[in-house]
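*Asks:* When the letters of the sequence shown are read in order and numbered with the numbering used here, they come out as residues 68 to 130.
Structure incoming, see below.
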Amino acid sequence: MAHPKRKISKTRRDKRRTHYKLTAPGLAQCPTTGEFHLPHRAYWLDGKLYYKGQVIMEKEVLA
68 MAHPKRKISK TRRDKRRTHY KLTAPGLAQC PTTGEFHLPH RAYWLDGKLY YKGQVIMEKE
128 VLA
């Protein structure tokens with residue numbers, strides 16, 4: 068089995084792990100409502116489902 072010849076310091080180990088970062092998702096703004104949402108995805112706003120600036124469906128009100 069392979070063994071390290073020298074001990075790797077905590078600093079060197081941590082430097083190697085610095086590249087694992089989260090990135091913020093890119094958001095698109097709807098031209099109709101001005102709402103920010105994930106691109107290429109439908110989103111709900113005030114009981115209506117929007118996609119590409121158009122209303123796709125409306126939420127039913129249960130009595």
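Beta carbons: idealized from backbone N, C-alpha and C, even for Gly.
Per DSSP, what kind of secondary structure is Lys115 in: helix, strand or coil?
*Replies:* As a position in the sequence shown, residue 115 is number 48, starting the count at 1. DSSP places Lys115 in strand when its eight states are reduced to three.
*Asks:* Between Leu112 and Glu102, which are expected to be in contact by the criterion C-beta below 8 angstroms, what is the C-beta distance as a whole number of angstroms?
*Replies:* The residue you call residue 112 lines up with position 45 of the sequence shown. The residue you call residue 102 lines up with position 35 of the sequence shown. Contact flag correct, Cβ pair sits at about 5 angstroms.
*Asks:* I believe Cys97 touches His86 by the beta-carbon criterion, under 8 angstroms. Please report the beta-carbon distance rounded to the nearest angstrom.
*Replies:* As a position in the sequence shown, residue 97 is number 30, starting the count at 1. As a position in the sequence shown, residue 86 is number 19, starting the count at 1. Wrong, their Cβ atoms sit about 34 angstroms apart, outside the cutoff.
*Asks:* Below 8 angstroms on the Cβ atoms is my guess for Thr99 versus Gly114; work out the distance and round it to an integer in Å.
*Replies:* Here residue 99 refers to the residue found at position 32 when the sequence shown is read from its first residue. Here residue 114 refers to the residue found at position 47 when the sequence shown is read from its first residue. Not quite, the Cβ-Cβ distance comes to about 15 angstroms (not below 8 angstroms), so this is no contact.
*Asks:* Under the three-state reduction of DSSP, which class applies to His107: helix, strand or coil?
*Replies:* Residue numbering aside, residue 107 sits at position 40 when the sequence shown is read from its first letter. Looking at His107 - three-state DSSP - the assignment turns out to be coil, as it is neither helix nor strand.
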